[in-house]
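**Student:**
Numbering (the numbering used here), first residue to last: -16 to 211.
1) So for residue 143, helix, strand or coil by DSSP?
2) Secondary structure at residue 72, three-state DSSP: helix, strand or coil?
3) Taking the C-alpha atoms as reference points, what is the distance between residue 179 and residue 120?
4) According to the Cβ coordinates, are residue 126 and residue 133 closer than 8 Å?
5) Mind checking which residues open and close the alpha helix (DSSP H) that includes residue 127?
6) Within its chain, find whatever has a CB closer than 7 Å to the CB of residue 1; leave out the 5 residues flanking it on each side and keep chain order.
7) Could you spell out the range, first to last residue, of the alpha helix (DSSP H) harbouring residue 11?
8) Counting along the chain, where does the beta strand (DSSP E) carrying residue 19 start and finish?
9) Cα separation between residue 29 and residue 3?
10) Could you give the distance in angstroms between the alpha-carbon of residue 118 and the alpha-carbon of residue 175?
11) Once the 5 residues before and after residue 96 are set aside, which same chain residues still bring their CB inside 7 Å of it?
12) Can you list, in chain order, the residues of its chain whose CB lies under 7 Å from that of residue 171, leaving out five sequence neighbours each side?
13) Would DSSP call residue 92 helix, strand or coil?
14) Sort 142, 101 and 98 by Cα distance to residue 77 and report the nearest one.
15) What do you get for residue 136, buried or exposed, if any count of 16 or more other CB atoms within 10 angstroms of its CB means buried?
16) For residue 13 and residue 101, what's the separation of their Cα atoms in angstroms?
17) What are the boundary residues of the alpha helix (DSSP H) that residue 29 is part of?
Written as structure tokens, this is what we have:
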């Protein structure tokens, strides 16, 4: 099955003082694609290495659902939960970014500004950093560039922020599989299954997979389910 190159990717550049057309774009992108590119305002590509990889408190969790069966899928990595910290500038930057994003998405979907943030507090959601395991890294380094190393799935989150990645592909019925290229200066914002459920499927969680060398660096906002 071939992979399409979209002629125009969903992209949001100016979003701190959003206008009506910004809300329209967010709503349309999430309903049609399940993701959009967001202008990186915190230098996430550098800070995820400098400020987050040393975080501890790792847990084994389900972070995805199989795209076809809906069953929980465990992927190769550990997940560190962010805690609000007055002296950790990087953590606070990410928490601020997610808070602003949740407000933007809430307004775009016709809810009050704090709708998603309030639900997050009720459900004890948090921000998790994904770190690949060394054994998995060794495996994917030997994989063929065309091999699907992460199978089709949907993230079990409200939103996922993909900071950098190679080989990412998304799926939409009208496009089939299509490439989602890594882009300097942008974060990929993906809708997860929790957002899909909250909106009664008006928003579709982004189905995606990864080919070749999985270089993903991502954070997840949600209540991740522990492995039993």
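Yeah, the Cβ is synthetic: ideal placement off N, Cα and C, and Gly gets one too.
For clarity, every value in this text was computed on a predicted model and none was experimentally measured.
**Tutor:** Based on what the coordinates show:
1) It is a strand residue.
2) Residue 72: helix per DSSP, three-state reduction.
3) When only Cα atoms are considered, residue 179 and residue 120 end up about 31 Å apart.
4) In terms of Cβ geometry, residue 126 and residue 133 do not form a close pair [threshold 8 Å].
5) Segment: none, residue 127 is in no alpha helix (DSSP H) and carries neither H nor E.
6) 87, listed in sequence order.
7) 3 to 15 is the extent of the alpha helix (DSSP H) around residue 11.
8) Counting along the chain, the unbroken beta strand (DSSP E) around residue 19 starts and ends at 18 to 22.
9) A direct Cα-to-Cα measurement between residue 29 and residue 3 gives close to 32 Å.
10) Computed Cα separation, rounded: 27 Å.
11) Correct list, in chain order: 86, 89 and 90.
12) Taken in chain order, the residues that qualify are 18, 20, 145 and 163.
13) In the three-state scheme derived from DSSP, where H, G and I count as helix and E and B as strand, residue 92 is classed as coil.
14) Ranking 142, 101 and 98 by Cα distance to residue 77 puts 142 first.
15) Classification of residue 136: buried, given that the 10 Å Cβ count is 16 or more.
16) Distance between the alpha carbons of residue 13 and residue 101 is about 21 Å.
17) In the DSSP annotation of this structure, the continuous segment of the alpha helix (DSSP H) that includes residue 29 starts and ends at 27 to 30.
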